[in-house]
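Residue numbers (my numbering): 8 to 169.
Here it is as structure tokens:
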């Protein structure tokens, strides 16, 4: 017990209050995350710069049958695989984005983008992808604005491709 207290595994009253405050609007936020993320994922599927969109609510996503069986809806978190390119061209895409922050804070109000490299952590199966991967958290911004931002980022990716 003393060890857990010393290591900080006890939530402070302020943290508990912030968590409970966020729960009041969670259903509304999650519905918007889901709607916006699906709209953006479907748009990304139409882009020649994108080889694959990994969003469990999309019928062609690996594991979609498990998603349908086990979940009532999706969130704003999904990934996409770029069509060719390398880490530098992926960095050009992410660095060009204006509305997306960089970082981890899944479920928040802001949209985020990070480079994702699952092949570095796989030990059983090998990742066989057409190019580098980007993970997105779609926040509460207007999806049309986020699509416009991604369009600029994808143009930067194409220009930087070797």
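Backbone N, C-alpha and C define an ideal beta-carbon position, used for all residues, glycine too.
Nothing here was measured: the structure is a model prediction, and the numbers come from that model.
Which runs of the beta strand (DSSP E) spanning at least 3 residues fall entirely within the stretch 68-120, listed in chain order? 84-89
In this structure, what does DSSP give as the bridge partners for residue 7? Not covered by the structure: residue 7. The range shown for the chain is 8 to 169.
Just to confirm my understanding: we take residue 112, look at its own chain, exclude 5 residues before and 5 after, and list those with CB closer than 8 angstroms. What are they? 119, 144
What three-state label does DSSP hand residue 34 in the structure shown? helix
Going by DSSP in three states, residue 131 sits in which element: helix, strand or coil? coil
Got a sec, what are the start and stop residues for the beta strand (DSSP E) residue 61 sits in? 57-61
How many Å lie between residue 44 and residue 108 at the Cα? 16 angstroms
Considering only C-alpha positions, which residue in the set 26, 117, 103, 84 is nearest to residue 63? 84
In chain order, what residues of the same chain have a beta carbon less than 7 angstroms from the beta carbon of residue 33, not counting five sequence neighbours either side? none
Can you grab the Cα-Cα spacing for the pair residue 53 / residue 70, in whole Å? 21 angstroms
Rounded to whole angstroms, how far is the Cβ of residue 101 from the Cβ of residue 141, which I believe are closer than 8 angstroms? 7 angstroms
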